[in-house]
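Protein chains in written order, with our numbering: chain E, 1 to 251; chain Z, 252 to 863; chain X, 864 to 1104.
Each residue gets a CB set at the ideal place from its N, CA and C atoms; glycine is no exception.
Have a look at the structure below, then the notes.
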Amino acid sequence: MNVLTVEKLSKAFGGVQAVGGVSFAVAPGERVALIGPNGAGKTTLFNCINGQLRPDDGRIEMSGRDVTGQAPHRIWRHGVGRTFQITATFASMTVAENIQVALASADGAAKGLGRRLSARYRAEAEVLIELVGLAARTEDPAAELPYGDLKRLELAVAMTNEPSLLLMDEPTAGMAADARGGMMDLVDVMVAERGVAVLFTEHDMDVVFGHADRVIVLDRGQIIAEGSPDEIRGDATVRAVYLGTFDEATV
Amino acid sequence: MSFIVVQAITGLASAASLFLIAVGLSIVFGVTRVVNFAHGSLYMLGAYLAFSFTAAFGDTFFGYLAAILLAAVVVGGLGAVMETSLLRRIYRAPELFQLLATFGVVLVVQDLTRMIWGADDLFAPRMPGLDGAINIFGHAVPEYDLFLIATAFVVLGGLWLLFRHTRFGVLVRAATEDREMVAALGIDQRWLFTGAFILGAALAGLGGALQIPRQAASLSMDLNIIVDAFVVVVVGGMGSIMGAFVAAVLISELLAFGVVIFPQITLVLIFAVMAVTLVLKPSGLFGRPEFTTQEDRRNPDPPLRAGDGLSRIFWWGLLVAGVAAPLVIGDFAIIVLTEIAILALFAASLHFLLWGGGLITFGHAAYFGLGAYGSGLAVFHLSLGMAPALLLAPLAGAAGALLFGWFCVRLSGIYMAMLTLAFAQIAWSAAFQWGGFTGGDNGILGVWPSDWASDPFVFYYLAFAVCAAVIWGLRHTVFSPFGYTLRATRDSALRSAAIGVDVTRHRWLAFTLAGAAAGVAGGFFAFAKGSVFPEVLFVSTSVDGLVMVLLGGVQSLAGPILGAIALTEIETELTRLTDLWQLCLGILIILLVVVLPHGLAGLSAFMRRRQP
Amino acid sequence: MSEPALRLSGIEAFYGTAQALFGVDLEVPVGSVTVLLGRNGAGKSTTLKAAMGLVDVKAGQVFVGDREVTGAPSYKIARAGLGYVPETRRVFAGLSVEENLVVGERGGERAADFGAATWTRERIFDLFPPLAGMRERQAGQLSGGEQQMLTIARTLMGNPQIILLDEPSEGLAPVIVQQIAATIRTLAAEGLTVLLSEQNVRFATHVANRAAVIERGRILVEGPIEDIATDESVREAYLTP
């Protein structure tokens, strides 16, 4: 069964059709990149899937369950981890506490008034911290981490509910060029070791072609191409969209 | 039919002044993003100045008119002084600090007004030429009411002309939409801010000046009108002139007819209008959603450090001091000490929301007061003893927080602050108006401790033990998964939702918990004083709580306790030394916000920074 | 050789803690039309915002002519002669077309200092005839193309020496894109220096005479547009997916 199935999804803003009838699926353990020029509808589509926006029409299923229009905190319950274009972490907490809070939520204990959080879920947190390579920074406040480490922390937080799908909005945005490969290698580790599928948007084409199994190209709210990285690289329509459609004859 | 017309005219006359003050507040907010609490003070100053000017040269129609206009101009000038000397320093501060600093101005203006004009209400003569009534369908309608309505329409028209046909007006509208773009087009915003503030202040002054033939100039005008104005801008939408107009008319008419049809529940009507508007359109009837303010997390708090050596010493030291103090102090001091213990709990419950959850509440007095009234009413109506009455206090506080909180936690930033304040003031008015049940202005007397606790020392130990236990409980909650999750919603609501936290619900629970804790403090407060008056619900009680938290330092769990001790001591000493207690407190608040935003606990860090 | 109209050196810019520019060096010669090419997210818009003082610049310098404006508030940078046309247009939606122009207006005294054309509302309406017929209309009701004209017009009212255009062709119909291209050439002919950001290489070759390619927050190549836009290796590496 697919971890994510999107059927004929549509969303308009004040008469402008941002996403117009998009359908695709993500299989377990698959890495799918969503690309397209600015204004193509990537963000809108992404936000419909993660629950930030309610689609006007269409259907979203996660592992066979209809989740269309559910709020973000409910989407998480269906085994979805998220990372954001600009990282969202808890700045006033240490690296370990960031993960412990998420583990408490995954455990259904977010409303617990009992034992101190700092003494709970410690071992599980350390496993994840080790996995993303932040062991040396376990007790550092998130506010003091360099941006690349924040991205890693976010990935670890997204993994706390043992998701079957990771939604990553521009996983390497804001990182220096040489750090991007390392970040995506880490994502690949999650895919290989934990069997998670990944749907990500990305602007860096090295990242897209190096780390996606399949690429979906969006333009003006429609899927205009879908295929392996090699197929997309050679696709004439895709090149036209990226290079623009300025008609020389009429100038 | 005739009755309806006459009642509608009465409503419109009240709407006129409400519109003048609300529109000024709204214009200032639209451009500067500051909610000016002292806007009501400018209104009050307008009234007092007009009183003096009319006394000097108001014996003809035009003399009177000139007096009113001059008052507005002078208030506009005072606005310029306030903007350039204070507001410019706090434009980048968090909303809570802006509200508090401008509330400091409220206190300063109160005492200065009292110094200049005295504490008694001042009655101005009616306006010459408009002191009669005209007959409409057999009802006498004051001519001045019609003049007021006409004035409101003239001002509305004048504002329309200003905003449509002058460069200044166009720039103000542009800045209300997109300040950054206005700057990128080469416009220096400082004079724009000052100009908008002068305009807003002059409108407030005009609103106040126009009131003097209808009502006496009094020292309570400022806070009464500002709360109504908050309700109007919350309903109409911040930054919208039309919104201020429509909401002012809507609310005034509701009150005008409500008083006739359901005289007992006019407050409920306002409550209902506000609630329905905010549920359907959280940014108000004419407001834009982008006005919801963003979280300011540029200087995040450091992580919590539980129980390191120093903090252990502090907490144990505090406990020992609390237990030992009665052995060495006298009878008066024990009463002060009891009050400190109670207020420390009140401040700690507020701190729990502010710091623990980033929830800006400006109306925490509601839950403190509901606790006090819960206990007081239980004694008065049900003849319950002290212990069961005290048990009712947290329930009353929690019930109020459950109801009000449902609405409040749906908003953020300045909207939340204003809504919490509005709810608290509604609770205050209810206590005030519902005389048959609450004793109204006369309060509830005879709320004395049971015989076994009637000795001040025994009562102190009881209050101390319970308050310390609840403070400990709040402190423990901060470290529990619930508390961490609450802090998570403050640090990043986006991330919290992405890890499965129902942010609104979690905040609501926290709000209720804090309400219950404040209720406990309120219950003890009632028995400590032996009485309950509407003042426990008043905005000044909320502000006292905020000052304690700020004084002690927001970023520290010990802050509210240090703050309660410091403020109570300062207050006790100052009231003994001077009548100008409010003036001193106001200046203290302004200094705290401008100079020492991290409070006493942050003082050492501040001193270190200052050293070369 | 005189000073460039605009010079950025070593600019590092951040959104919060996320770094967007990693040491951008860029010169825009007087009278040139320079295009900043690059893919989505490469740092084009941020470069223009950094010049305008609209993002957090933590390192580097910005010069307008020989005057350093690093860290100045954006109204001062605008007064130094920089005009900014944002990517999402950001017209004042509740204001009429004419009122949008009023906001941009700053009298003609400055323009005289630089010898550039002095823009008046009349000249603006000559340049953008469609706007003349809708002076009273609310800007929020204009089409995308009309809004793009308005935001350029609004900026021109301040008589800038240099105009920064952030992706002026984005999201517009081809026929409108051609009008915008014509407008940019007219502005250049009037003596304005232009710096625009673009993804659309064909559009760029029709309006610009110089180009710089940005990728991952750094400028990679810079030179005459003919060399860059026709260089297959550059196109292949940085401008296509």
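Beta-carbon proximity check, residue i vs residue j, cutoff 8 Å
| i | j | result |
| --- | --- | --- |
| X/Arg953 | E/Asp204 | no |
| Z/Ala678 | Z/Leu610 | no |
| E/Met159 | E/Arg194 | yes |
| E/Asn50 | E/Ile86 | no |
| Z/Pro785 | Z/Asp702 | no |
| Z/Ile586 | Z/Pro707 | yes |
| E/Thr164 | E/Gly79 | Checking the sequence, you will find Ser at residue 164 of chain E rather than Thr. In contact: E/Ser164 and E/Gly79 (Cβ atoms closer than 8 Å). |
| Z/Phe348 | Z/Ala322 | no |
| E/Glu202 | E/Pro229 | no |
| Z/Ala301 | Z/Ala318 | yes |
| E/Val238 | E/Ile224 | yes |
| Z/Leu797 | Z/Leu351 | yes |
| Z/Ile665 | Z/Val286 | yes |
| X/Leu1057 | X/Leu1050 | Checking the displayed sequence, the identity of residue 1057 of chain X turns out to be Val instead of Leu. Yes, Cβ-Cβ distance for X/Val1057 and X/Leu1050 is below 8 Å. |
| E/Thr68 | E/Arg59 | yes |
| Z/His290 | Z/Ile449 | no |
| Z/Gly488 | Z/Leu413 | no |
| E/Pro72 | E/Gln100 | no |
Where residue i meets chain X, residues with beta-carbon distance less than 7 Å
| i | result |
| --- | --- |
| E/Gly39 | Glu1033 and Gly1034 |
| Z/Val421 | Leu958, Glu962, Val965 and Val966 |
Contact list for residue i against chain Z, beta-carbon separation under 7 Å
| i | result |
| --- | --- |
| X/Thr909 | In chain order: nothing, as chain Z lies at least about 15 Å away. |
| E/Pro72 | Ala748 and Ala749 |
| E/Leu113 | Thr728, Ser731 and Phe733 |
Residue i: CB within 7 Å of a non-hydrogen atom of the ligand MN
| i | result |
| --- | --- |
| Z/Phe414 | Inclusion of the ligand MN in the displayed structure is not the case, the ligand content being empty and no account of it being possible. |
Nearest neighbour of residue i, chosen from the options [CA to CA]
| i | options | result |
| --- | --- | --- |
| Z/Ala599 | Z/Ser705, Z/Leu643, Z/Phe280 and Z/Ile812 | Z/Ile812 |
| Z/Leu399 | Z/Asn287, Z/Leu646 and Z/Pro464 | Z/Pro464 |
| Z/Pro553 | Z/Gly774, Z/His602, Z/Val527 and Z/Trp606 | Z/Trp606 |
| X/Phe926 | X/Leu958, X/Leu889, X/Asn1022 and X/Leu1013 | X/Leu889 |
| X/Ala941 | X/Pro1023, X/Ala883, X/Gly934 and X/Ile987 | X/Pro1023 |
| Z/Ser663 | Z/Leu596, Z/Ala259, Z/Leu520 and Z/Thr740 | Z/Thr740 |
| Z/Leu764 | Z/Glu820, Z/Gln676 and Z/Ala647 | Z/Ala647 |
| Z/Ser253 | Z/Tyr342, Z/Asn386, Z/Val332 and Z/Gly369 | Z/Asn386 |
| E/Gly221 | E/Val241, E/Ala236, E/Gln52 and E/Val207 | E/Val241 |
| E/Thr5 | E/Phe13, E/Ala12, E/Ser23 and E/Leu134 | E/Ser23 |
| E/Leu199 | E/Glu30, E/Gly20, E/Glu7 and E/Arg116 | E/Glu30 |
| X/Ser865 | X/Arg930, X/Gly901 and X/Pro892 | X/Pro892 |
| E/Asp206 | E/Asp188, E/Val196, E/Glu231 and E/Ala177 | E/Ala177 |
| Z/Ala447 | Z/Leu470, Z/Glu334, Z/Pro393 and Z/Pro533 | Z/Glu334 |
Anticipated Cβ contact below 8 Å, residue i with residue j, distance rounded
| i | j | result |
| --- | --- | --- |
| X/Val896 | Z/Ala425 | With a Cβ gap of about 29 Å, X/Val896 and Z/Ala425 do not count as contacting. |
| Z/Val482 | Z/Ile502 | 6 Å |
| Z/Gly614 | Z/Phe674 | 5 Å |
| Z/Gly410 | Z/Ile492 | Checking the displayed sequence, the identity of residue 410 of chain Z turns out to be Leu instead of Gly. Yes, Z/Leu410 and Z/Ile492 are in contact; Cβ-Cβ is about 6 Å, under 8 Å. |
| E/Glu124 | E/Leu103 | 6 Å |
| X/Gly957 | X/Gly1003 | 6 Å |
| Z/Ala714 | Z/Thr589 | 5 Å |
| E/Ala110 | Z/Pro514 | About 46 Å separates the two Cβ atoms, so there is no contact after all. |
| E/Leu218 | E/Gly36 | 4 Å |
Listed by chain order, chain Z residues near residue i by CB distance under 8 Å
| i | result |
| --- | --- |
| X/Leu994 | None at all; the shortest Cβ gap to chain Z is about 17 Å. |
| E/Asn161 | Ile750 and Gly751 |
Beta-bridge pairing of residue i - partner residues as DSSP gives them
| i | result |
| --- | --- |
| E/Phe13 | E/Val16 |
| X/Thr1014 | Looking at the DSSP assignment, X/Thr1014 forms no beta bridge with any residue, so it has no partner. |
| X/Tyr947 | X/Leu1027 |
| E/Gln70 | Partner(s): none; E/Gln70 has no beta bridge. |
| X/Glu875 | X/Phe885 and X/Ala922 |
Under 7 Å from the C-beta of residue i: neighbouring residues of chain A
| i | result |
| --- | --- |
| X/Thr933 | Looking at the structure shown, chain A is missing, and the protein chains on hand are E, Z and X. |
Chain-ordered chain E contacts of residue i [CB-CB under 8 Å]
| i | result |
| --- | --- |
| X/Tyr878 | Ile86 and Gly174 |
| X/Asn903 | Pro37, Asn38 and His203 |
Interface residues of chain X facing residue i [CB-CB closer than 8 Å]
| i | result |
| --- | --- |
| E/Leu150 | Thr880 |
Interface partners of residue i on chain X, CB under 9 Å
| i | result |
| --- | --- |
| E/Ala177 | Phe885, Glu1078, Arg1079, Gly1080 and Arg1081 |
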